[in-house]
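All the letters of the sequence shown, read from the start, carry residue numbers 1 to 141 under the UniProt record's numbering. Cβ atoms here follow ideal geometry from the backbone N, Cα and C, with glycine treated the same way.
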Amino acid sequence: MSLAPFHLAIPVHDLAAARHFYGEVFGCAEGRSSAQWVDFDFFGHQLVIHEAPKMAYQEAAHSNPVDGHDVPVPHFGVVLGWDDWQRLADRLQARGTRFVIEPHVRFEGQVGEQATLFLLDPCGNALEFKAFRDIGQLFAK
C-alpha cells in the first residue's frame, strides 16, 4: 500500500511546550518555522503546530465509548507497524508519559484487532497511535 503524506495543522496555545513535545518526546525532525508556527516530519507526514488561543475541546475533550474505553474526540495520529508501535509505547512509558488510554490491544481476537494508545500533547490535542498485526484489517468490518 503506497500512501501520500498528509498535512495537518493544529492549534497550540503554548508553542514552546508543543515544540518540545513533538521534537523531543516523539523525536520528530523540525522543518520550516516562524514565531507563530513550526513544521514537523511526523512519521513521514507534515504536522504543523500553529500558535492559537486555547480551543474548547482542549479544555475538556468529548469522548465516545470504544471497546470499553472513553476515546477522546477529536484526535489524530498514525498507524505504525507492530514493532514500531511497541517501540513507541516503550519509549513513552520510559519517559513517564501520562496516557489517556494506556497502551493495549483492543478488539482482541476480533476483526480489526489493533494495538492502541492515546495521549494528550501539552496543549490538550489528543493523539492516537495504533498498529495492526495484519494491516489488511485496517478497514475490515
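For residue i, which residues in the same chain have their Cβ closer than 7 Å to its Cβ, ignoring the five residues on either side in sequence?
i	result
Phe-76	Leu-8 and Leu-127
Asp-14	Pro-122 and Cys-123
Along the beta strand (DSSP E) that carries residue i, what are the first and last residues, could you check?
i	result
His-104	99 to 106
Might you give, ordered along the chain, the residues of its own chain that have their beta carbon closer than 8 Å to the beta carbon of residue i, omitting 5 neighbours on each side?
i	result
Gln-46	Pro-5, Phe-6, His-7, Leu-8, Gly-31, Asp-39 and Phe-40
In this structure, how does DSSP classify residue i when only helix, strand and coil are distinguished?
i	result
Ala-4	coil
Glu-24	helix
Asp-134	coil
Ala-9	strand
Ala-94	helix
Gln-114	strand
Between which two residues does the alpha helix (DSSP H) harbouring residue i extend?
i	result
His-19	At residue 19 the sequence reads Arg, which differs from the His that was named. Note, Arg-19: alpha helix (DSSP H), 15 to 20.
Skipping 5 residues on each side, what residues in its chain have a beta carbon closer than 6 Å to that of residue i?
i	result
Glu-113	Phe-107
Ile-101	His-69 and Phe-118
Tell me, which residues are paired with residue i by DSSP?
i	result
Lys-54	DSSP output for Lys-54 lists no bridge partner at all.
Trp-37	His-50
Val-78	Phe-129
Glu-30	Phe-40
Leu-120	Ala-126
Asp-70	Pro-65
Would you decide whether residue i is buried or exposed? Buried here means 16 or more other CB atoms lie within 10 Å of its CB.
i	result
Leu-119	buried
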